[in-house]
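What follows is a short report on a single structure.
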Amino acid sequence: KNVLGERNIAFLHGPEHKALRKSFIALFTRKALGVYVRKQDQIIRDHIAAWMSRDGGAAREIRPDICKMNQYTSQDVFAGPYLDDPEERKKFTAA
Numbered sequence: 159k160n161v162l163g164e165r166n167i168a169f170l171h172g173p174e175h176k177a178l179r180k181s182f183i184a185l186f187t188r189k190a191l192g193v194y195v196r197k198q199d200q201i202i203r204d205h206i207a208a209w210m211s212r213d214g215g216a217a218r219e220i221r222p223d224i225c226k227m228n229q230y231t232s233q234d235v236f237a238g239p240y241l242d243d244p245e246e247r248k249k250f251t252a253a
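Positions 159 to 253 (our numbering) are the ones given, in order, by the sequence shown.
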């Protein structure tokens, strides 16, 4: 189903909204959230380590890096192994 667009959960009402909401419940169990947190933590640690090793640790603007890291984190958590191919991730990022 469309997660985004005209028929996303925010714009649905009644039984259709309830059915879609129910289909998402498995994504937000304690176990699932624990997996997401571990993945996010590792991605954040990896990105920070890469930033610190660049430019000898000199001060720099990091907002673009933060934006890319947030995008990567969301993609990795929600699309996972479907974006293992760098070319596919590039297409997904551009969309």
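Note that CB positions come from ideal geometry on N, CA and C, so glycine has one too.
Is His171 helix, strand or coil when you go by DSSP?
coil
At 4 residues or longer, and completely inside the segment 186 to 247: list those alpha helix (DSSP H) runs for me, N to C.
188 to 211, 221 to 237
Can you tell which of Arg196, Asn166, Lys197, Val195 has its C-alpha closest to the C-alpha of Phe182?
Asn166
Among Ala217, Gln200, Gly215, which residue has its Cα nearest to the Cα of Met227?
Gln200
Contact defined as beta carbons within less than 8 Å: I believe Arg247 pairs with Gln233. What is the distance between those atoms, to the nearest angstrom?
7 Å
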